[in-house]
Structures are given as C-alpha cells and as structure tokens.
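Protein chains: 2
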Amino acid sequence: MMNTTLKLLAQQLQLSISTVSRALKDHPDISKATKEKVHALANSLDYEPNAYAIQLRTQSSKIFGVIVPAIANLFYDSFIAAIEEESRKNGYALMILQSSNNTENELNNLKIFRQTRVSGVFACLSAHAQNLEVYEKMSDRDIPVVFFDIVPKDNKYTKVRMADERCAIIAAEKIIERGAKHVLAIFGDPALSISQKRKQAFQQFMEKYAPKTHCTFVNTNSSAEAEAAFDKHYSKTQKFDTVFAMTDEILIGVMKSIQAHNIKVPKEIGVISISNGFIPSLYHPVISYVETSGYELGKLAFVQMLANIKGGKTLSELTVDARFVEGKSM
Amino acid sequence: MMNTTLKLLAQQLQLSISTVSRALKDHPDISKATKEKVHALANSLDYEPNAYAIQLRTQSSKIFGVIVPAIANLFYDSFIAAIEEESRKNGYALMILQSSNNTENELNNLKIFRQTRVSGVFACLSAHAQNLEVYEKMSDRDIPVVFFDIVPKDNKYTKVRMADERCAIIAAEKIIERGAKHVLAIFGDPALSISQKRKQAFQQFMEKYAPKTHCTFVNTNSSAEAEAAFDKHYSKTQKFDTVFAMTDEILIGVMKSIQAHNIKVPKEIGVISISNGFIPSLYHPVISYVETSGYELGKLAFVQMLANIKGGKTLSELTVDARFVEGKSM
DNA sequence: AAATTTACCGCAAACGTTTGCAAAAATGAA
DNA sequence: TTCATTTTTGCAAACGTTTGCGGTAAATTT
Chain P
3 MMNTTLKLLA QQLQLSISTV SRALKDHPDI SKATKEKVHA LANSLDYEPN AYAIQLRTQS
63 SKIFGVIVPA IANLFYDSFI AAIEEESRKN GYALMILQSS NNTENELNNL KIFRQTRVSG
123 VFACLSAHAQ NLEVYEKMSD RDIPVVFFDI VPKDNKYTKV RMADERCAII AAEKIIERGA
183 KHVLAIFGDP ALSISQKRKQ AFQQFMEKYA PKTHCTFVNT NSSAEAEAAF DKHYSKTQKF
243 DTVFAMTDEI LIGVMKSIQA HNIKVPKEIG VISISNGFIP SLYHPVISYV ETSGYELGKL
303 AFVQMLANIK GGKTLSELTV DARFVEGKSM
Chain C
3 MMNTTLKLLA QQLQLSISTV SRALKDHPDI SKATKEKVHA LANSLDYEPN AYAIQLRTQS
63 SKIFGVIVPA IANLFYDSFI AAIEEESRKN GYALMILQSS NNTENELNNL KIFRQTRVSG
123 VFACLSAHAQ NLEVYEKMSD RDIPVVFFDI VPKDNKYTKV RMADERCAII AAEKIIERGA
183 KHVLAIFGDP ALSISQKRKQ AFQQFMEKYA PKTHCTFVNT NSSAEAEAAF DKHYSKTQKF
243 DTVFAMTDEI LIGVMKSIQA HNIKVPKEIG VISISNGFIP SLYHPVISYV ETSGYELGKL
303 AFVQMLANIK GGKTLSELTV DARFVEGKSM
C-alpha cells in the first residue's frame with residue numbers, strides 16, 4: 003500500500019503542498035473551509051507525517067537515548083518506565099541501549115545516538131572509571147546529557163542521583179530507634195562511590211549518635227557473598243540483633259541465610275535495607291527499607307532533560323529524597 | 003559545532019558529493035587513492051552519516067519497535083535484553099514502548115512506530131481481547147510484526163511463545179515423581195489463554211497418569227490473591243503435600259504464606275513453579291521450577307523477525323522449549 | 001472609482017543522502 | 001595517431017517536509 007504524503011493529498015485536493023502542510027498544522031493563513039477539506043482527506047487516507055523528512059528539515063528528532071548497564075534490573079527498569087511515561091506525554095520516543103557495564107558497548111551506543119541525532123541522552127556510566135570525552139562529543143553536537151545513578155564527579159555535568167547519604171542515615175536512625183546493640187552492616191563493591199558514600203554516612207552517624215552500639219562492617223560483591231558473609235558472622239557466640247543491607251542484592255543473600263537458619267524476624271534479628279521496595283515485599287514478614295525509587299529518579303531526570311533542552315545548560319546535581327517504608331522486620 | 007556532511011567533505015576535497023558518498027561505502031567505481039583521501043578527511047572531521055536523510059532516501063530505518071505491557075517486569079525485561087543484544091549485533095536499534103496493558107496506549111504506540119517507519123515490530127498484546135486491525139495496518143505498510151508471549155489466535159500472524167502445555171506437563175511429571183497425594187495448583191487469570199492452556203494440559207496429564215492424586219485448582223489474579231488462596235486451602239484438616247504455582251506472581255504469594263506459617267519446604271510441602279528463575283532463587287530452599295526464559299524467547303523472536311524481513315512472510319508459530327530446573331523444594 | 005488592506009494560497013529552496021546515467025579521463029589496441 | 005575500451009568522476013533528481021517570500025483576489029477604506 004502506498005504511503006500517503008503531502009504531495010498526494012495536494013494532488014487530490016488540487017492544492018499546493020505548502021497549503022496542505024499549513025492546513026494540517028492549523029496555520030492561521032489557511033481558511034477554515036480548506037483546513038476542513040484537508041483534514042478530512044488526510045484522515046480517510048490516514049496520513050502519517052514522515053518523521054524522517056521532518057527531522058531532516060527541522061534538524062531535530064523527537065527521540066531520547068537511554069544507556070543503562072542492564073535493562074533486566076529492578077532498579078533500572080523502573081527508571082526506564084518512568085522516563086518512558088514522561089517521554090510519551092511530551093511527544094518523545096525512547097531508544098534504549100544497554101552497556102552491560104562494558105565501555106566498548108557504551109561507546110558504540112553513544113555513536114548510534116549521535117547518528118540518530120537524538121534530542122538528548124540519559125546515561126548511567128558503566129561501573130568502573132572511563133573517560134568522558136565521548137560525552138563531551140555529545141555536548142559539542144548540542145545533545146544534552148543527563149547522567150543518572152552512577153554519575154561523573156565533575157560538576158560541569160547535569161546529573162541526578164539518589165540521596166545516598168540520606169538513605170544511609172535514615173537507616174541508621176531506625177536502627178538506633180530499635181535499640182540495636184550489635185549490628186551487621188553489609189555494603190556493596192567498595193570501589194563504587196555509592197558504596198563509599200553510604201558506608202561513610204552510616205558509620206559517622208552511628209558513631210556520633212550511638213557510640214555504644216557495636217557495628218561490624220562488611221563489603222560484598224554479590225548476593226552469594228552476602229549470604230556467605232552473614233553465615234560467617236552469625237555465630238552462636240556473637241549474635242547480631244540487627245542487619246543492614248545496602249542493596250537488594252545483599253538483602254537477597256542475607257534473607258537466604260536467615261531462612262536457612264530459620265532465624266525469627268524481627269524477634270531474633272531486625273532487618274533493614276535500601277531498596278526500591280519489590281524485593282522487601284517478597285518476604286514474610288515484609289522487610290522495612292529506605293526507599294530509593296528508580297521511578298522517582300526517572301521523573302526527576304526527565305525534568306532536568308526538559309530544562310536542559312528548553313533553556314541552555316543547568317549545571318546542577320539533583321538528588322531524589324529518601325523515605326523510610328515501614329515493614330514488619332524491625 | 004557544525005555537523006560534517008557529505009557536502010562539506012566534497013567541498014574540502016574538491017570532489018563531488020556523489021564521489022564522496024561512494025568512496026565512503028567502498029563502491030568499486032571509486033579509485034583507491036580517492037577512497038583513502040575521503041576516509042582520512044571523514045575520520046578527522048568525524049563524519050557521521052545522517053540517519054534521517056538516509057531513511058528518507060532509502061525508505062528504510064534501522065529501528066525495531068517493541069511493545070510490552072511493562073518494562074519493569076522480570077520476564078519482559080529479559081526478553082528486551084535479548085532482542086537488544088541481537089539488534090545491536092545486526093545494526094538495528096530498539097525503540098521500546100509500554101502499553102501498561104491499556105489498549106489506548108497500545109494504539110498510540112503503534113502510531114509512533116508507523117511514524118518512525120520502524121523496520122519491524124515486536125508486540126505483546128495487552129492482556130484482554132482487542133481488535134487487531136491496527137496490526138493489519140502495519141502489515142499494509144510492509145512492516146513485519148512478530149507477536150510474542152501473548153499472541154493472537156489467528157495463525158496468519160507470526161508469533162513466538164512459550165511452550166505452555168509442555169511447561170505444565172513437565173511440572174505435572176515432577177509432581178507425580180514426587181508421589182504427591184494432594185496438590186494445590188494455582189493458575190492465573192482464567193480469561194487469559196495462557197492460563198487456560200497450562201491448566202488444561204496440567205489437568206489432563208494428571209488425570210491420565212495419576213488419577214488417584216487429588217488436585218485442587220484455583221485461579222488468582224495477583225500475588226495477594228494467591229497468598230489468600232493458599233492460606234484458605236491450607237487448613238489442618240486438609241493438608242496439601244505439594245503446591246504448583248503457574249507464575250512468579252503466584253509463587254510470591256504462596257511463599258509468603260509458607261513463610262508466615264513456617265511450613266517446612268520440602269518436608270511438609272513440595273513447591274514447584276513456572277518461572278524464568280529469578281524469583282525461585284530468592285528462597286531457601288531454592289524452589290524447583292520449569293524454566294520459561296524471556297531471554298530465549300527474545301532470541302527466537304529476533305530470528306523470526308529477520309526471516310520476515312529477508313524473505314517474505316513466515317507464517318509459523320514457534321515456541322521455545324521448556325526444561326526443568328532442579329531446586330531443593332521437591 | 002481608485003487606493004489600500006486583508007485573507008488566502010503557491011513557488012521554490014533547503015535539509016543530507018543515494019543512485020541511474022552521462023561525461024571525462026586514462027588506458028589499450030589498431 | 002586514432003579509435004575503442006575501461007576506469008573514474010560528476011550531474012541531477014528524488015525522498016517528504018517546512019517556511020520565507022511573493023502573488024492574487026476579495027474586502028475595506030478613501
């Protein structure tokens with residue numbers, strides 16, 4: 003089936019292409035009668051403007067690029083869901099690419115985005131350090147970049163992230179409220195700034211407001227490691243009354259061990275984590291957590307992007323607030 | 003910064019645009035010397051072909067559209083991850099839109115895809131019945147559509163899905179192997195064909211090969227309902243020795259109840275589910291399940307898409323095979 | 001009735017490519 | 001040297017829009 007174009011409409015109506023074009027976008031120069039005729043025919047032939055021709059002409063696509071380490075991830079998928087919603091509302095579509103935490107992929111993805119002339123890029127840096135000059139190249143092309151979650155240090159970039167310190171502090175507060183005496187606090191990859199921030203904030207807060215509480219700190223890189231760590235530290239002689247898990251991954255490991263040993267929550271041990279809420283809801287009793295919502299982060303990122311597109315650069319770093327969600331595990 | 007175009011390159015090299023274009027794509031008409039010069043300059047000015055101009059000229063974009071009910075979903079996100087990988091390998095990019103199980107969204111999304119002139123669409127129908135003429139419209143425009151997971155009945159469409167019957171039968175086999183006497187089998191929304199298929203296959207198999215085993219069948223629409231159903235049926239007087247969960251959602255509900263009642267798995271009750279594996283791995287003991295891999299399904303869907311694009315229509319329905327993954331819950 | 005304004009509409013260029021065809025240059029054969 | 005090939009390059013149209021500018025006819029003002 004032939005695609006209907008402006009030209010086709012124009013021929014059928016004995017009008018010029020420009021008139022048809024203007025009629026379709028309600029230009030004041032065109033009479034009401036003509037507009038109606040044009041719209042009628044356009045509908046019956048269901049005309050769809052050719053996005054590529056428009057972009058070529060106007061030099062602006064209505065597509066945003068998104069780079070995440072992995073789509074199949076509880077946090078990132080809700081982030082994506084959020085910007086997808088907002089994008090659609092604002093007439094943008096999304097192009098999503100995953101880096102798999104691999105710098106080479108990240109580079110390739112950026113290249114695709116450049117070629118596609120996306121209107122903007124949402125980027126989560128792949129885990130370990132890399133140079134950011136590819137991102138500079140985007141800026142050179144006037145393509146705004148909003149970094150999220152794992153962001154560069156330099157604050158010439160636009161970035162949104164979780165309020166990591168706040169998260170950790172809220173968790174610490176709740177742990178103190180509980181009157182914990184011995185806490186096992188498990189954090190993630192020590193090389194990641196997110197782990198460092200959370201750990202530091204947590205530790206400082208505990209030392210200041212509950213100096214008598216004994217804290218054991220552990221770093222683990224996976225669910226299995228967290229399980230092993232909990233196993234190891236949870237001996238008869240030195241029992242913890244509270245455990246803190248910095249991420250869902252860690253929580254999963256901890257809970258496995260807790261279930262294996264048939265430890266009673268919250269009676270024998272209190273559990274608290276930082277999470278977006280899905281994993282904590284899986285257990286009985288439901289785990290208490292400090293919420294870090296990928297969804298919220300997505301909304302925030304989108305606001306930043308729009309600001310960026312509308313009026314020049316916004317060089318700020320925004321964070322989404324944390325809040326405690328009460329479960330039954332504390 | 004100015005975008006480098008063919009025209010710019012041509013001017014600088016004192017060549018025509020067509021020569022530059024051909025040189026860049028290694029056309030045999032162009033001399034080696036010229037090619038080298040062109041490539042050199044193109045590199046140093048890092049020329050990126052304008053995808054929109056190409057599409058406009060060639061009438062073919064290198065983009066696939068994907069419609070899923072929700073991105074934030076254990077099954078769909080792995081499906082997406084799979085086609086993203088394949089797409090990138092084959093020089094395609096992905097545009098992902100979520101329908102939120104809402105027909106209106108689905109329609110809008112399709113419209114965007116038509117406007118973007120995507121090369122193909124991967125579509126998962128939103129849960130409840132709808133008319134498929136929008137999809138016909140895609141075919142009219144020569145845009146192939148590969149349906150996945152929730153697919154239309156009519157087999158003039160190209161579709162890939164899980165081997166639902168096989169899944170259910172494998173589960174039934176394992177339940178029989180276990181020597182179950184009383185089983186509680188919980189299925190999903192009875193309006194969905196996936197629920198019907200699985201239930202029917204399961205029931206038939208049990209009746210045929212283990213007529214003495216007593217099965218109770220329940221349909222639930224959510225995790226919470228599944229939890230309630232298990233609660234209700236698990237009374238002192240009528241204990242089940244095995245429970246079968248048709249989906250992750252159901253498994254989550256069941257496990258909550260099991261944890262709440264502190265029922266011992268697999269001693270007091272055996273648990274088996276159909277899943278992609280993530281949720282079953284969260285518990286202790288690890289739950290046995292029949293694997294339905296979104297990832298595998300994605301790979302299969304991509305093969306179908308490519309076949310569709312290359313050589314005409316392939317009107318087949320393909321299914322990805324199921325396999326049992328042994329946990330410790332049976 | 002002439003002059004001015006207003007309301008509509010069309011022309012044509014431009015966006016950056018690709019590609020059929022023709023033209024020019026280089027090479028070989030006679 | 002001249003003609004026939006072969007190799008290399010350029011011309012120009014086309015893809016479907018948008019938009020500045022200019023034009024015509026009707027409506028309004030003098």
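Line by line, the protein sequences give chains P and C. Under the working numbering, read the first sequence as residues 3 to 332, first letter to last. Under the working numbering, read the second sequence as residues 3 to 332, first letter to last. A virtual CB, placed ideally from N, CA and C, is assigned to each residue, including glycine.
Pick from the options: whose alpha carbon is nearest that of residue i?
i, options, result
"methionine 307 of chain P", "P:Tyr159, P:Thr215, P:Ile152 and P:Gly190", "P:Tyr159"
"valine 220 of chain C", "C:His235, C:Phe124 and C:Lys214", "C:His235"
"glutamate 88 of chain C", "C:Glu106, C:Lys64 and C:Asn103", "C:Lys64"
"lysine 241 of chain C", "C:Ala203, C:Phe81, C:Ile265 and C:Thr21", "C:Ile265"
"cysteine 126 of chain P", "P:Lys27, P:Val70 and P:Ile145", "P:Val70"
"glutamate 293 of chain P", "P:Val40, P:Phe77 and P:Leu17", "P:Phe77"
"phenylalanine 232 of chain P", "P:Arg24, P:Leu253, P:Ala42 and P:Glu50", "P:Leu253"
"glutamate 251 of chain C", "C:Pro268, C:Pro282 and C:Lys269", "C:Pro282"
"leucine 134 of chain P", "P:Val153, P:Gln61 and P:Leu284", "P:Val153"
"glutamate 86 of chain C", "C:Val322, C:Leu302 and C:Pro51", "C:Leu302"
"alanine 228 of chain C", "C:Val267, C:Leu112 and C:Met257", "C:Met257"
"histidine 263 of chain C", "C:Gly279, C:Asn278, C:Ala230 and C:Ser277", "C:Ala230"
"aspartate 142 of chain C", "P:Lys312, P:Asn5 and P:Ile311", "P:Asn5"
Please confirm if residue i has its CB atom under 8 Å from at least one CB of chain C.
i, result
"threonine 21 of chain P", "no"
"glutamine 198 of chain P", "no"
"aspartate 79 of chain P", "yes"
"alanine 55 of chain P", "yes"
"tyrosine 159 of chain P", "no"
"tyrosine 285 of chain P", "yes"
"alanine 231 of chain P", "no"
"alanine 83 of chain P", "yes"
"isoleucine 276 of chain P", "no"
"leucine 17 of chain P", "no"
"leucine 58 of chain P", "yes"
"glutamate 270 of chain P", "no"
"glutamate 86 of chain P", "yes"
"valine 292 of chain P", "no"
Nearest chain P C-beta to residue i closer than 8 Å, yes or no?
i, result
"glutamate 50 of chain C", "yes"
"tyrosine 236 of chain C", "no"
"isoleucine 311 of chain C", "no"
"methionine 3 of chain C", "Caution is warranted here: a pLDDT of 49 is assigned to methionine 3 of chain C, below 50, making its placement in the model unreliable, and the coordinate value is therefore given only provisionally. Interface residue, yes."
"threonine 36 of chain C", "no"
"leucine 134 of chain C", "no"
"alanine 72 of chain C", "yes"
"arginine 24 of chain C", "no"
"glutamate 328 of chain C", "no"
"arginine 143 of chain C", "yes"
Do residue i and residue j have their C-beta atoms closer together than 8 Å?
i, j, result
"alanine 324 of chain C", "arginine 168 of chain C", "yes"
"isoleucine 274 of chain C", "methionine 332 of chain C", "yes"
"valine 327 of chain P", "serine 290 of chain P", "yes"
"alanine 226 of chain P", "phenylalanine 204 of chain P", "no"
"alanine 189 of chain C", "serine 121 of chain C", "A small correction: the amino acid at residue 189 of chain C is phenylalanine; alanine does not occupy that position in the sequence shown. No, they are not a contact pair."
"phenylalanine 124 of chain C", "phenylalanine 150 of chain C", "yes"
"leucine 299 of chain P", "valine 162 of chain P", "yes"
"serine 80 of chain C", "asparagine 104 of chain C", "no"
"isoleucine 276 of chain C", "alanine 174 of chain C", "no"
"aspartate 243 of chain C", "asparagine 223 of chain C", "no"
Along the chain, which unbroken stretches of the beta strand (DSSP E) at least 3 residues long are found entirely within the stretch 157-223 of chain P? 160-164, 184-189 and 216-221
In the stretch 249-264 of chain P, which residues sit with their C-beta less than 7 Å from some C-beta in chain C, listed in chain order? Ile254, Lys258, Gln261 and Ala262
Within the stretch 95-127 of chain P, ranges of the beta strand (DSSP E) (whole runs, at least 3 residues): 95-100 and 122-125
Using Cβ-Cβ distances below 8 Å, what residues of the stretch 164-195 of chain P are close to chain C? none
Just to confirm the assignment: which complete alpha helix (DSSP H) runs, minimum length 4, are found wholly within the stretch 23-49 of chain P? 34-46
Inside the stretch 242-303 of chain C only - alpha helix (DSSP H) runs reaching at least 4 residues: 250-262
Residues, ordered as in the chain, of the stretch 208-224 of chain C that lie near chain P by beta-carbon distance below 8 Å: none
Of the residues that make up the stretch 96-124 of chain P, which ones have a beta carbon closer than 9 Å to any beta carbon in chain C? Leu96, Met97, Ile98, Leu99, Gln100, Ser102, Asn107, Asn110, Asn111, Lys113, Ile114, Phe115, Arg116, Gln117, Thr118 and Arg119
Quick check for students: name the residue ranges of the alpha helix (DSSP H) that lie wholly in the stretch 130-156 of chain P, counting only runs of 4 or more. 135-142
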